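Undergrad:
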Amino acid sequence: SKTEVVITNTKVSQTLDIRIKKVDSKQPEKVLSNAVFDLYRDTGVETDTLIPNTTDKYGVRVNEAIVTDTNGFISVEGLTENVAYYLVETQAPNGYNLLNIPIEFKISDGRISVENTEMSNDISENNELILLVKNEIGYTLPETGGSGKSLVTFGGLLLVSVAILLMCKKLFRKKGVSF
Numbered sequence: 021s022k023t024e025v026v027i028t029n030t031k032v033s034q035t036l037d038i039r040i041k042k043v044d045s046k047q048p049e050k051v052l053s054n055a056v057f058d059l060y061r062d063t064g065v066e067t068d069t070l071i072p073n074t075t076d077k078y079g080v081r082v083n084e085a086i087v088t089d090t091n092g093f094i095s096v097e098g099l100t101e102n103v104a105y106y107l108v109e110t111q112a113p114n115g116y117n118l119l120n121i122p123i124e125f126k127i128s129d130g131r132i133s134v135e136n137t138e139m140s141n142d143i144s145e146n147n148e149l150i151l152l153v154k155n156e157i158g159y160t161l162p163e164t165g166g167s168g169k170s171l172v173t174f175g176g177l178l179l180v181s182v183a184i185l186l187m188c189k190k191l192f193r194k195k196g197v198s199f
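So the number in the working numbering is just where the residue sits in the sequence shown, counting from 1, plus 20.
Now the structure itself:
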């Protein structure tokens, strides 16, 4: 008698852990603590959350308010391969500018591929996946166009109008015309 045996293999999605290291862009050896990030996983579903500072990327937040330690590191666990993630800085370290766009990255074949390499790159070492995030010292410029803009514009137009009237009056007086 013949016995039939069916063996089914099911691929199990492997999750990966990464570390994110925040450094000064001009001095990469200088680590930055107290940077706060949210991490989003791309879903592409428009009914999900619009990822901050993007116009067409939708996803779900998987980590909220994760803070770099005194060595500039954050550890993130349970990430899935071949899925886009977005690291959004919500608070920059003191004296540094907030990153204005999220860092998009994907893990595949044991490497981290980064969309914007000016702000970050993969420095994986010793079988540890590390995403390096660079930040620049900066100053926040004052906002323009505040509530007093209309008043200042009106005042300027009024001064210019008075100056034109005075010039015309002086010109007409020289010609002997009065008004």
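Heads up, the beta-carbon is just placed ideally off N, CA and C, and yes, glycines get one too.
Fair warning: this is a prediction, and the values are worked out from it, not measured in the lab.
Can you list, in chain order, the residues of its chain with a C-beta nearer than 7 Å to that of Glu156? Leave out the 5 residues immediately preceding and following it.
TA: Ser45, Tyr116, Asn117
Undergrad: Helix, strand or coil, according to DSSP, for Ala85 in the structure here?
TA: strand
Undergrad: Could you check which residue in Thr110, Arg39, Leu52 has the C-alpha nearest to that of Leu99?
TA: Arg39
Undergrad: Should Val103 and Asn83 be called a contact, given that it needs their Cβ atoms to be closer than 9 Å?
TA: no
Undergrad: Please report how far the alpha carbon of Ile86 lies from the alpha carbon of Arg131, in whole angstroms.
TA: 22 Å
Undergrad: On the DSSP letters alone, give me the boundaries of the alpha helix (DSSP H) that Leu177 sits inside.
TA: 169 to 194
Undergrad: Under the assumption that Ile41 contacts Gly92 (Cβ atoms under 8 Å), give the Cβ distance between them as a whole number of angstroms.
TA: Just to set this straight, residue 41 is Lys in the shown sequence, not Ile. So it is a contact: roughly 5 Å between Cβ atoms.
Undergrad: So, is Glu66 buried or exposed, given that buried needs 16 or more other C-beta atoms within 10 angstroms?
TA: exposed
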